[in-house]
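Have a look at the structure below, then the notes.
There are 2 protein chains.
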Amino acid sequence: MKQMEEMILREGVVLPGEILKVGSFLNQNIDTTLLGQMAEEIARLFEGQGVTKILTIEASGIAIAAAAGIAMGVPVLFAKKHKTSNVDGSVYSTVVHSFTHNEDYHVVVSRDYLSSSDKVLLVDDFLANGKALAGLMDLCDQAGAELAGIAIAIEKCFTGAGDRLREQGIKLESLAMIESMSEDGITFRS
Amino acid sequence: MKQMEEMILREGVVLPGEILKVGSFLNQNIDTTLLGQMAEEIARLFEGQGVTKILTIEASGIAIAAAAGIAMGVPVLFAKKHKTSNVDGSVYSTVVHSFTHNEDYHVVVSRDYLSSSDKVLLVDDFLANGKALAGLMDLCDQAGAELAGIAIAIEKCFTGAGDRLREQGIKLESLAMIESMSEDGITFRS
């Protein structure tokens, strides 16, 4: 998606440790013109796929998921993060490892809101190592829900995690695909 | 807002401790038809007020703020919660007490994204005791930003916190105003 790539080139800051800072337009301060365009593009990419629900993870996926949900006319569910395993039987729960904070956290959704009749589109801001997505896919599995696909704002292609998902036959669409990045510049997959 | 009141009556569950559970349509599973209507109503209520930015707090305010930001054509900023005071000089920071979890947490926004040239609309899902809003207002004060007003999905009028803000001359608009609630029923302010 051209507008996303242009925004990354203009506003993104590459930091050591393969970190791309996009807080000025995507995951703290949100450019809502771009957000609206992203939502329309996600709706276009998954039109006719029978999506009944969007699932994301708090906090930075919520804005993208909400905008896409409005554009697609489907409800949005967000999984919550807990630092402890203190969860009861009313939820589906899984464990995700955060490399950023070097800790495990529990991710839960209420059993009331995800079921075997759902066809789920996963939405998140970044795809790097794929650990958060694996957690969301596990929650869908536990609910017996079908995976319609995955929509990501920015994929770090150089980790290989996105291509491994595609090789499994999953419909993964990323609005910007970063092939390589350094302080000298960013290259997108064409 | 009629659609919000109807949804609360149909889906809301009143729990002991003056808790209203709205997870099925507002703050975990999100009804995006209602969300779109809420965004349009917030845009209508604050039209012509010169709003340059929407400020909310993670996580459950983000969806409403994002939808309103798209409807109003203004950027959305969300304040982040930290359990520790381990924040550096690049952020505005304040302390909010959570009655739900009975603990203090730090709320921060980057100094890069809020300034004295901003006229800010605060958006959140609930107004109960007003502590989260007071924190957001403090962040605006620190930035020298002007407060345009406050938009809330559900106000618990019986706490008096909303009326105290109105008495200060603040333009506070709540899409549903609950005058009283118990397991026997919910009464809205007309």
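Taken in order, these protein sequences are the chains called A and B. For the first sequence, the working numbering assigns the number 4 to the initial residue and increments by one for each residue that follows. For the second sequence, the working numbering assigns the number 4 to the initial residue and increments by one for each residue that follows. Just so you know, even glycine gets a beta-carbon here, dropped at the ideal spot from N, CA and C. Computed from a predicted structure; not experimentally measured.
Query, Result
"Leu80/A, buried or exposed, once every other Cβ within 10 Å from all chains shown has been counted against 16", "buried"
"Glu1/B versus Met180/B: straight-line alpha-carbon distance, rounded", "Examination of residue 1/B is not possible in this model, given that chain B is present from 4 through 193 alone."
"Helix, strand or coil at Glu106/B [DSSP, three-state]", "strand"
"Ile173/B - DSSP class collapsed to helix/strand/coil", "coil"
"Asn132/B beta carbon less than 7 Å from that of Thr162/B", "yes"
"Thr35/B vs Gly72/A beta-carbon contact at 7 Å", "yes"
"DSSP three-state assignment for Phe49/B, whether helix, strand or coil", "coil"
"Collapsed DSSP secondary structure at Asp141/B in the structure displayed", "helix"
"Nearest residue (CA-CA) to Tyr95/A, options Arg169/A, Val17/A, Ser119/A and Glu182/A", "Ser119/A"
"Neighbour list for Gly133/A in chain B, Cβ cutoff strictly below 8 Å", "Those do not exist, as Gly133/A stays about 22 Å from chain B at its closest Cβ, beyond 8 Å."
"Extent of the continuous beta strand (DSSP E) to which Ala151/A belongs", "Glu149 to Lys159"
"Span separating the alpha-carbon of Ala68/B from that of Ile153/B", "11 Å"
"Minimum Cβ-Cβ distance from Gly155/B to chain A less than 7 Å", "Before going further, note that residue 155/B is Ile rather than Gly in the sequence given. Answer no: the Cβ-Cβ gap between Ile155/B and chain A never drops below 7 Å."
"Short CB-CB distance (under 7 Å) between Ile33/A and chain B", "yes"
"Cβ neighbours of Asn105/A in the same chain (closer than 6 Å, five flanking residues each side left out)", "none"
"Close-in-space but distant-in-sequence residues of the same chain around Met4/A (CB under 6 Å, 5 per side omitted)", "Glu44 and Leu178"
"Where Leu175/B falls, given that 16 or more other Cβ within 10 Å makes a residue buried", "buried"
"Counterpart residues of Ala210/B in DSSP-defined beta bridges", "One cannot answer for residue 210/B here, as it falls past the ends of chain B, which runs 4 to 193."
"Partners in chain B for Tyr116/A, counting only beta-carbon separations shorter than 9 Å", "Gly26, Ser27, Gln31 and Asn32"
"Distance between beta carbons of Val99/B and Ala135/B, contact taken as under 8 Å", "6 Å"
"C-beta neighbour in chain A for Ala66/B, strict 7 Å", "yes"
"Anticipated Cβ contact below 8 Å, Asp127/B with Thr59/B, distance rounded", "6 Å"
"Separation of Phe191/A from Met140/B, as counted between CA atoms", "40 Å"
"Proximity winner among Val25/B, Leu168/B, Ser63/B and Ala137/B, relative to Glu9/B (alpha-carbon distances)", "Val25/B"
"Identity of the residues DSSP links to Leu12/A by a beta bridge", "Partner(s): none; Leu12/A has no beta bridge."
"Whole-Å CB distance - Pro78/B paired with Ile33/A, under 8 Å assumed", "6 Å"
"For Asp91/B, the three-state DSSP class (helix, strand or coil)", "coil"
"7 Å Cβ cutoff met for Lys56/A and Asp121/A", "yes"
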